[in-house]
Amino acid sequence: MTALPRLVVAAPASGHGKTTVATGLMAALRRAGHVVSGHKVGPDYIDPGYHALATGRPGRNLDPHLVGEERLVPLLLHGAQGAGLAVIEGVMGLYDGQLGADGFASTAHVAEVTRSPVVLVVDISHASRSVAAVVHGLRTWRPGVDVVGVVLNKAGSPRHAAEVVASLADDVPVLGVLHRDDGIEAPSRHLGLVPAAERDDAGRALDRLAARVAEHVDLDAVVRLARSAPDLPGTPWSPGIVRDGRTLSGVAGASARHGLPRQGSRPRIAVAGGRAFTFRYAETEELLRAAGAEVVELDPLRDERLPEGTTGLYLGGGFPEVHTEDLAANERLRRELREAIAAGLPTVAECAGLLYLCRTVQGREGPPAPMVGALDADAGWAPRLTLAYRTATAPGDDLLSRAGERVTGHEFHRTHLLAEPGGDPAWLLGDDRAAAGVATATLHASYLHVHWAGHPHLAARFLAAAAAHETSARRPGRDPSYSSRRPEPDLRHHGDRELGEGRADFAVNVYDAPRPPWLDLALHRAIDELAAYPDPAPAEAAIAARHGRDTSDVLATAGAAEAFGLVARLRAWRAPVVVHPQFTEPDVALQEAGRQPRHVVLEPPFALDPASVPDDADLVVVGNPTNPTGVLHPVDALLGLRREGRLVVVDEAFCDDDAASLAGGRHEGLLVVRSLTKLWAVPGLRAGYVLGEPDTVEALRRTQTPWSVSTPAIAAMRATATAEAREEARRRVETMRRWREHLHGGLAALGVHHVPSTTAFVLARPGAGVHEALQDKGFAVRRCDTFPGLDGSWIRIAVRDERSTDALLDALSAMPLG
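The opening position of the sequence shown corresponds to residue 1 in our numbering, with each subsequent residue numbered one higher.
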């Protein structure tokens, strides 16, 4: 038997102030010198957050549906170890529990099982003597429930309070009276109170609340009532159960200790936290640690990388729909998580974690925000709240479960998936066995929250997978764990970032000569037309004539970057592929649209083999010639990429040779992207266009933001589509050819490996450190470790006139090259 002073704080119904009074009691008792343990009846995560703030100890949950009635006392004793007093906050009304289950999982049920005295909190703002009848009914309705005192909340005046106190005099002691005071109310939103972790003022509000409770509630009387609770039978629950033989005994298809970390091995589990992920049970981390894991917190709002050495990921509950903008802004972490999960990082995602792994999430307001994109699903705001206990069955073997196993859990969310993500479901819910979530051997994601103290084999399975992931990462001949791989390239790095004061520009691929006078004149005249909304139709007609196409084949865009964004949002791409090394904007656009592209990385000399692209790819993006290699792929190879149901996008932003271009004819399943930036030296204008089949072009047009193409850009498109412009383009192409050949020859003379180019730049491999050394000598060249497939030994050099090129070559000749 164990002595534990304790009491339950209950109410006639929700909204009477249970959380306010329970949290205030915890804080006031702690400030009076007591060591207090806070507990919550039911599955709620938010209230335990306030309890933790008030007590300085983890908040705990007591829920017979989630953990089984037989674990309530052991979990209470476990959570209260080292405390002198436990305060248990109830849920809803005193006798309200699981619907259709005769009060199962109600506050009264937990009070009876834990043999805890009950203090009622009653909102008296709309009644006086009738309060006594309500309290009398609650106290006597079920003999096994011991109501020992009342705290009156929201009294309107001393006279009002006195009337209520007098009516209760012969029934139950009044322990205190709190008057209306909005300053001690916690703000709320769609799922209840705002979590304490999201409130910068939570500590100050708690101080005010503790002072009010200490002033108006008889704390000595509260302690005496708590000490009247009888001793409890049994022993405290231990998270060490996850390592003993009972954990998996009787569980189908599993041995008792199968797969748990070996002695001396410590899988590293990243657990989502911070303001967006505040929901998880304290026992979850305790189980993971007891099983041998190192648990580290990951804040998806602030941390840009997974913790070094991560071998497992736990994404619990919270409010990603409230923090969509900030979560979306952390693009680097989203990308790393997406690729780590695709590479097999064992991952558990519950509710908020599920949302975070979707392609996009629609918050209460604003457009959908891109999320991780590990799941082929989007989430939106639901018409009503989902709040329910669930019994779930595993439909098959996966990361956490084996076919036929049953667990209990709950759902609590105001979002929903706009379509199921496909694949094998994580759970079959209820008697109708509705499919929910998605599960694989390394991923388990659904809206269902499960308390692992009630189902410790789930923790054991997760740790087994994390241990296996760690082991395989260290095995000779295997890929290293994701976190130890070379850092992912910065896909948003562009050549203009290389420029610095006084540096010669060999980084930006723009023709290094003045614009033709007729182009400047067209741009100046466009200023007079700025009072009207832009109309791209004349430009599209001129471009169609320039390439011998129908106008229905042409869409003017704000540069190639907008074109890639339109393509990324054109369809719900299942398996997009980008052929690398390649301009990285298509990757960025796809990721922002919630799609994670796969990479087909070409090896030097970077020749394209259509067979290297997976057959299931429904979108393929390839440059021609490719930035940064300068390689021009044969037309047959590009056309060989086409498949039924696949869109092939050929980026011709650097294509100067019309004979090598696919722009001059309509090809089924193919889209060409063009840009005016480089040849005409107008990077600040953002002017480009796409050419394709009319149905595809029209679908892109419907996706395009109205008036995205500016009037000056339209003027530039018209001016550069004339016969005069084509002649000027030929002269510029010939000039660049001479400059490029001079650069080729100089690199060859220095023994610098380089790739024969057909465009405005040359890819060279002078060795590691040369990029930085050239910067120190006043030359800006494009670093290439930001292109997938290349490393820091490569640089991209823009072609310039012979005199400027010689200065660069002289600087290179004085360096150690490798």
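Note that CB positions come from ideal geometry on N, CA and C, so glycine has one too.
Bounds of the alpha helix (DSSP H) holding residue 695 are 694 to 703. Counting along the chain, residue 356 sits inside the alpha helix (DSSP H) bounded by residues 352 to 357. The count of Cβ pairs closer than 8 Å, one atom from the region 712 to 720 and one from the region 738 to 748, stays below three, leaving the stretches out of contact. DSSP links residue 415 through a beta bridge to 381. Cβ contact annotation for residue 686 (same chain, cutoff 7 Å, sequence separation greater than five): 558, 559 and 713, in chain order.
The region 509 to 519 and the region 722 to 741 touch, with three or more beta-carbon pairs separated by less than 8 Å. Taking a cut-off of 8 Å on C-beta distances, the region 326 to 336 touches the region 364 to 376, as three or more cross pairs fall below it. A distance below 6 Å between beta-carbons, with the five flanking residues on each side excluded, links residue 458 to the following residues of its chain, in chain order: 400 and 452. Contact annotation: residue 87 and residue 41 have beta-carbon atoms that are not nearer than 7 Å. In this structure, residue 298 sits away from residue 242, with a CB-CB distance that is not shorter than 7 Å. The criterion of a C-beta distance shorter than 7 Å is satisfied by residue 613 and residue 620. Judged by their CB atoms, residue 392 and residue 354 are not nearer to each other than the 7 Å cut-off. The count of Cβ pairs closer than 8 Å, one atom from the region 643 to 658 and one from the region 753 to 762, reaches three, so the stretches are in contact. Annotated as proximal: residue 463 and residue 293, with beta-carbon spacing under 7 Å.
For residue 297, the enclosing beta strand (DSSP E) stretches over residues 294 to 298. Under the criterion of beta carbons closer than 8 Å, residue 491 and residue 584 qualify as touching, at roughly 4 Å. Under the DSSP assignment, residue 427 falls outside any alpha helix (DSSP H), being part of the beta strand (DSSP E) whose first and last residues are 427 to 429. Residue 155 is not a Cβ neighbour of residue 31, given a cutoff of 7 Å. For the region 99 to 177, the full-length alpha helix (DSSP H) segments reaching 4 residues or more read 107 to 113, 130 to 140 and 158 to 168 along the chain.
Relative to the Cα of residue 682, the nearest Cα in the group 368, 515, 19 and 148 belongs to 515. Leaving aside the five residues that flank residue 148 on each side, the residues in its chain whose CB is nearer than 8 Å to its CB run, in chain order, 7, 117, 118, 119, 172, 173, 225 and 228. Under the criterion of beta carbons closer than 8 Å, residue 691 and residue 547 qualify as touching, at roughly 6 Å. Residue pairing from DSSP places residue 506 in a beta bridge opposite 781.
Around the beta carbon of residue 64, a 10 Å sphere encloses 16 or more other beta carbons of the protein chains shown; the residue is thus reported as buried. Here the region 307 to 314 lies against the region 267 to 274, with 3 or more beta-carbon pairs under 8 Å apart. The alpha-carbon of residue 467 is positioned some 19 Å away from that of residue 439. Between the alpha carbons of residue 581 and residue 633 lies a gap of roughly 13 Å. The shortest CA-to-CA distance from residue 325 to any of 179, 368 and 178 is the one to 368. As computed with DSSP, residue 386 is found in a beta bridge with 413. Residue 205 counts as buried, since no fewer than 16 other beta carbons sit within 10 angstroms of its beta carbon. According to the DSSP assignment, residue 651 belongs to no alpha helix (DSSP H) but to the beta strand (DSSP E) extending over 647 to 651. Here residue 630 carries a coil assignment [DSSP, helix/strand/coil].
Comparing alpha-carbon positions, the option among 398, 542 and 572 lying closest to residue 421 turns out to be 572. A Cβ-Cβ contact shorter than 7 Å links residue 43 with residue 410.
Each residue's CA atom was taken as its position, placing residue 428 and residue 398 some 13 Å apart. The region 76 to 86 makes no contact with the region 128 to 138; the number of CB pairs closer than 8 Å stays below 3.
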